[in-house]
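Enquirer:
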Amino acid sequence: MLQHPLVSPRATGVAPERRTFLLEEAEELYWNELEWEKLTAEEMTGSGSALVELTFPGFLAFIDGLLLKEANAESKVPACPRPEVVEDVLLFLATRCLELFGSTAPEQRLERDMTERLIDLVLYRLHGLEVDAARRLDLSHLDEI
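Spelled out as structure tokens, the structure:
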């Protein structure tokens, strides 16, 4: 559908302890934002997938930071993308989906749907795809069915 293969970004050689730390930070953001959503119930109505960006803004901003290729002109530190950490985060999210897979409880099904959509949003960022372009691809695929 993209007319070209997806190629994973080249690893940057993040030290193992730093990689673990960044993964733990991403996991903590996921759990904190999910818990906040459960407490406030702001976005956890309906299918949830359309509102994932509103549910996980800090998490997605963190992912954007891990993939930053150009630093602000005023920054004293150059950009240092860490795509291998984003791949670790994707494994965490996929594992979470599998943990929720067999559940029939509405809240856990919604959490799985939201996590699946979050995986999509992280993959779009990792491969440099715009969300709107990806949505158009999804819709054009439906036309073929």
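Letter by letter, the sequence shown follows residues 0 to 144 in numbering that gives the first Met the number 0.
We put the CB at the ideal spot given by N, CA and C, even for glycine.
#1: In the structure shown, what three-state DSSP assignment does Phe100 receive?
#2: Flag this pair as yes or no: are the beta carbons of Asn31 and Gly57 separated by less than 9 Å?
#3: Report yes if the CB atom of Val88 is closer than 9 Å to the CB atom of Val121, and no otherwise.
#4: On the premise that Leu66 lies in contact with Leu125, defined as a C-beta separation below 8 Å, what is that separation, rounded to the nearest angstrom?
#5: Reducing DSSP to helix, strand and coil, say where Pro56 ends up.
#6: Would Leu99 pass as a contact of Arg108 if the rule is Cβ separation under 9 Å?
#7: Around the Cβ of Val76, are there at least 16 other Cβ atoms within 10 angstroms (buried) or fewer (exposed)?
#8: Leaving out the 5 sequence neighbours to the left and right, which residues in its chain are closer than 8 Å to Leu92 when beta-carbon positions are compared?
#9: Within 10 angstroms of its Cβ, does Glu73 collect 16 or more other Cβ (buried), or is it exposed?
#10: Is there a C-beta anywhere in chain D that falls below 9 Å from the one on Glu32?
#11: Can you tell me which of Leu38, Pro82 and Leu128 puts its alpha carbon nearest to the alpha carbon of Glu106?
Expert: For this structure:
#1: Position 101 of the sequence shown, counted from the first residue, corresponds to residue 100. Of the three classes helix, strand and coil, the one that applies to Phe100 here is coil, per DSSP.
#2: Here the question's residue 31 lines up with position 32 in the sequence shown. Here the question's residue 57 lines up with position 58 in the sequence shown. Taking 9 Å as the Cβ cut-off, Asn31 and Gly57 qualify as a contacting pair.
#3: Counting from one through the sequence shown, the residue named residue 88 turns up at place 89. Counting from one through the sequence shown, the residue named residue 121 turns up at place 122. Closer than 9 Å, so yes.
#4: In the sequence shown, residue 125 corresponds to position 126, counting from 1. In the sequence shown, residue 66 corresponds to position 67, counting from 1. The Cβ separation is near 7 Å, so the contact holds.
#5: By one-based count along the sequence shown, residue 56 stands at place 57. Three-state result, Pro56: helix.
#6: By one-based count along the sequence shown, residue 99 stands at place 100. By one-based count along the sequence shown, residue 108 stands at place 109. Yes, these two residues count as a Cβ contact at 9 Å.
#7: On the sequence shown, residue 76 is found 77 positions in, with the first residue counted as 1. Answer is exposed; the Cβ neighbour count stays below 16.
#8: Within the sequence shown, the letter at position 93 stands for residue 92. Cβ neighbours of Leu92 beyond the five flanking positions: Tyr29, Thr114, Leu117, Ile118 and Val121.
#9: The residue labelled residue 73 in the question sits at position 74 within the sequence shown. Counting Cβ neighbours within 10 Å, Glu73 comes out exposed, since fewer than 16 surround it.
#10: The chain labelled as chain D is not found in the depicted structure, where only one protein chain is given.
#11: As a position in the sequence shown, residue 106 is number 107, starting the count at 1. Selected option, being the one with the closest Cα: Leu38.
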